[in-house]
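Heads up: the sequence shown begins at 1 in the UniProt record's numbering, then just goes up one per residue.
Ideal placement from N, C-alpha and C gives every residue a C-beta, glycine not left out.
To start, the structure itself, in structure tokens.
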Amino acid sequence: MIYNLLFPTKPNTTKASLLLLAVRIIFGILLMNHGIQKWSNFQELSTAFPDPLGIGSPISLGLAIFGELVCSMAFIVGFLYRLAMIPMIFTMIVAFFIVHANDVFAVKEMAFIYLVVFIIMYIAGPGKFSIDHIIGYELERRKSKSYKK
């Protein structure tokens, strides 16, 4: 029992999937709060929001809101999980390496923490408690059913 806890051989065990679900919920809600703040203050922020990609402040703000709000919702429920994580990771890369590049580490630490967690979660996958897992299971069931005919 202790060996299975310390050295799990199956990444999609129920315990591992519950841990992945907990991390998805916690970090998804935390990042979603940043997106909600940006969305609710869109008018004020759109004129002064950083434009590190040279596409205009309103568009940069819209992309940040998409990465932090919309993609966080998909991340939490595990829908198009890895696809949804790409804008989230990209947003944190831009925040850490470009927007806060000249700031002290204490200022950009939060972006770094999100970035590391999201990269680890991208690699780990959503686990069994996700919409993607349900869809994948159903597709496999249909595929094996059609081969039996």
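Whose C-alpha, out of Met32, Ile131, Val70, is nearest the C-alpha of Gly78?
Nearest of Met32, Ile131, Val70 to Gly78, Cα basis: Ile131.
Measuring CA to CA, which of Leu18, Phe27, Leu19 is closest to Ala74?
Cα-wise, what sits closest to Ala74 is Phe27.
Assign Phe49 to one of three DSSP states: helix, strand, or coil.
Residue state, collapsed to three classes: coil.
Is Asn33 helix, strand or coil by DSSP?
Asn33 falls in the helix class under three-state DSSP.
Just to confirm the assignment, what range does the alpha helix (DSSP H) spanning Pro87 have?
Run containing Pro87: 81-94, per the alpha helix (DSSP H) assignment.
Which stretch, first to last residue, makes up the alpha helix (DSSP H) that contains Glu109?
Start and end: 105-124.
Mapping DSSP to helix, strand and coil, what is Ser57?
Three-state result, Ser57: helix.
So Pro52 and Ile89 are supposed to be a Cβ contact under 8 Å. How far apart are they, rounded?
Actually they do not touch by this definition, with Cβ atoms about 15 Å apart.
Determine whether the beta carbon atoms of Ala106 and Ala95 lie at a separation below 8 Å.
The answer is no: Cβ separation not under 8 Å.
Closest to Tyr122 by CA distance: which of Ser60, Leu139, Leu20 is it?
When each option's Cα is compared against that of Tyr122, the closest is Leu20.
Distance, Cα to Cα, Tyr16 vs Gly127?
The question names Tyr, yet the displayed sequence has Ala at residue 16. Cα-Cα distance, rounded: 7 Å.
Are the beta-carbon atoms of Thr47 and Ser40 separated by less than 8 Å?
For Thr47 and Ser40, no; Cβs fall outside 8 Å.
Reducing DSSP to helix, strand and coil, say where Ala101 ends up.
Reduced to three states, the DSSP call for Ala101 is coil.
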